[in-house]
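Worksheet: one structure, shown below.
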Amino acid sequence: MGCAIVWLRRDLRLADQPAISAAIERGYLPIPVYIHAPAEEGAWRPGAASGAWLDRSLRALDHDLRELGSRLTVRKGASLVCLRALIAESAAEAVFWNRLYEPATRARDSAIKQALRSDGVLVESFNAAQLCEPWTVQTGQGTPYKVFTPFWRNASAHLEMLAPPTAAPPTLPTPPLLASLPIDALKLRSPLGWDGEFWAHWTPGEAGARARLDRFIDEAVDRYHDDRNRPDLAGTSGLSAHLHFGEISPRQCVHALREIEFSPSQRAHADHFVRELGWREFSTHLLYHFPHTAEADLNPKFGSFGWAEPDPDLLSAWQQGRTGVPIVDAGMRELWQSGWMHNRVRMIVASLLTKNLRYHWRHGAAWFWDTLVDADLANNTQGWQWSAGTGADAAPYFRIFNPVTQGERFDPDGVYVRRWVPELSALPNAIIHSPWSDPTTLARLAPAYPRRPIVDLRESREAALAAYSASREKV
DNA sequence: TTTTGAGTTGTTCGA
DNA sequence: GTCGAACAACTCAAA
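Position 148 (the first sequence) corresponds to 147 in numbering that gives the first Met the number 0; numbering is contiguous.
Printed below as a string of structure tokens:
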């Protein structure tokens, strides 16, 4: 029986695992391999929070493989060098992997595919991460979509024919014993322990992902449309990091929802969740077709926009949740402490940074990249560009979030603010989202909290409107 | 080629 | 407190 290397990257699961399935179906003995090569992702090598998650996800994967009789072989160094060494050591005849879609990983993978094929090795790649691959969805003109609604109309048609996901194999053959690094040797875990709080919220790995999906289906999906915007409730799926690392696939999510008998109104809520998966697809496709957008504005009109030079003190106040705007500080502290932030709040903190402070979105994207456990280049890029108004959306330039209004609407009782900003916990609801409006109560009940926001919300809104308006006239 | 309808997520003001 | 209008025009995608 010949061996096949299964090169695992961000597909850290055993169910619905096309690369492993392909190896088995073609009669090979699969050798599951992880190669640590962060430098190959260029400027967007995984950040610290992402590394902390990966550490645990790899351990979970190795554990799961061992339960089935296999094991994870771990290496570090240049991917091609490691793959060639592994092929020589195991006499493998084939290499299989599941595709990645970022500019740097695509370039690397296609170079490796070419090199190994010229070595005479069978190489094949598969789709494990997308409902639709980027080259399969295009407009009547053959161009990529830049507007979500027509994109999703088109992509939804593909969904009708989505094949059901495969189950994990009941057992796996034991691969040849090859030299393997302990996962500790990858130094993904911080010795400082800043991620200690994360794991009260998250369980990396395939079992944790499945449990999260099951809980979402049991408890929240039938109210998703209403509750997904409420950071004070557990209204979202919480699957973003699991999806990023491929511990679960969007196909598995869609299929799990199809299996359930919902009432028509519940079905509408479930469909809304699938539509959010559609946004994940859309982001991947946009970055695939417009690879420069991880660094540059998708909308070229913003090339000459008057962004402000960041004041290091203000940027740091934003990062650390000391802006004096409760909903913003709650979000930034949720991010720091748990490695994640509710999507509604991501938009609010992004609006403050890009509109009120008028800092370029890349400053926010860089911070999120390092601190989010779900940091994903396509989603992070498109999310920030959407917020800044430079992305794929006919966003009216005057759409500037008022963090007080947003807080009152989506965290009506201040539960979310009090959870993450405990020094505000004694404030009455009436001023929980705008404590500066009652300075004496603020001073008495929350003496440690900033007296006023780092930026005047009304003035900065006016200034941002003027700047966006001026930039339109200039072009 | 030209035309036409439409576009995730908002805020403020005044009736 | 609730509601509609104004904010202004542009690009996209399909007919």
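Each residue gets a CB set at the ideal place from its N, CA and C atoms; glycine is no exception.
- Comparing alpha-carbon positions, the option among LEU376, HIS243, TRP306, LYS354 lying closest to ALA128 turns out to be HIS243.
- For LEU232, the three-state secondary structure derived from DSSP is coil.
- Counted as a single uninterrupted DSSP element, the stretch harbouring ALA166 is not any beta strand (DSSP E), since DSSP gives it neither H nor E.
- The Cβ atoms of GLY68 and THR173 lie closer than 7 Å to each other.
- GLY277 is not a Cβ neighbour of PRO449, given a cutoff of 7 Å.
- With fewer than 16 neighbouring CB atoms inside 10 Å of its own CB, ARG408 falls in the exposed class.
- DSSP places VAL122 in the strand class (E or B) of the three-state scheme.
- Straight through space, the alpha carbons of ARG417 and ILE23 are spaced by roughly 52 Å.
- For TRP383, there is no enclosing beta strand (DSSP E); the residue is part of the alpha helix (DSSP H) that begins and ends at 376–387.
- Residue state for HIS432 is assigned as coil, using DSSP reduced to three classes.
- In this chain, the alpha helix (DSSP H) harbouring VAL403 covers 402–409.
- Residues of the same chain with a CB within less than 6 Å of the CB of GLN318, apart from the 5 flanking positions on each side, are TRP366 in chain order.
- With fewer than 16 other CB atoms across the displayed protein chains lying within 10 angstroms of its CB, HIS200 is exposed.
- Excluding five sequence positions before and after SER109, none of the CB atoms of its chain fall closer than 6 Å to its own CB.
- Cβ contact annotation for PRO452 (same chain, cutoff 7 Å, sequence separation greater than five): THR322, GLY323, VAL324, TRP435, in chain order.
- Taking the C-beta atoms as reference points, SER282 is found nearer than 7 Å to GLN381.
- In the DSSP assignment, TRP52 falls within the alpha helix (DSSP H) that extends over 47–66.
- Shown here for GLU88: same chain residues with a beta carbon closer than 7 Å to its own, the five before and five after excluded, namely LEU177 in chain order.
- Distance from the CA of TYR144 to the CA of TYR100, rounded to the nearest whole angstrom, comes to 17 Å.
- Rounded to the nearest whole angstrom, the CA to CA distance from LEU286 to ALA469 is 29 Å.
- Within a 10 Å sphere around the beta-carbon of GLU280 sit 16 or more other beta-carbons, which makes this residue buried.
- DSSP places LYS145 outside both helix and strand once states are collapsed to three, so it counts as coil.
- Taking 4 residues as the minimum length, the alpha helix (DSSP H) runs contained wholly in the segment 204–285 are 205–218, 223–226, 239–243, 249–257, in order along the chain.
- The C-alpha of ASP310 lies about 15 Å from the C-alpha of SER459.
- Pairing ALA466 with LEU444 gives a Cβ-Cβ distance that is not under 7 Å.
- Within the same chain, Cβ atoms closer than 8 Å to the Cβ of LEU130 are found at ALA154, HIS157, LEU158, LEU161, PRO249, ARG250, VAL253, LEU276, GLY277, GLU280, the five residues on either side in sequence being excluded.
- Exclusion of the five residues before and after ARG229 leaves PHE409 as the residues of its chain whose Cβ lies within less than 6 Å of its Cβ.
- For ILE431, same chain residues with a beta-carbon under 7 Å away, outside a window of 5 residues either side, are PRO325, GLY413, VAL416, LEU423 in chain order.
- Spanning the alpha carbons of LEU232 and ASP312 requires a straight line of approximately 32 Å.
- Between ILE30 and SER49, the alpha-carbon positions lie close to 25 Å from each other.
- Of the candidates ASP270, ILE182, ILE34, ASN378, ASP270 places its Cα closest to the Cα of ARG227.
- By the Cβ criterion, the segment 194–214 is in contact with the segment 50–67, since at least three pairs of Cβ atoms, one from each stretch, lie closer than 8 Å.
- Just measuring C-alpha positions, the residue of TRP6, LEU13, PRO102 sitting nearest LEU376 is PRO102.
- Look at PRO290 here: in three-state DSSP terms it is helix.
- Rounded to the nearest angstrom, the gap between the Cα atoms of PHE147 and LEU352 is 24 Å.
- Around the Cβ of ASP61, a 10 Å sphere holds 16 or more other Cβ atoms; the residue is buried.
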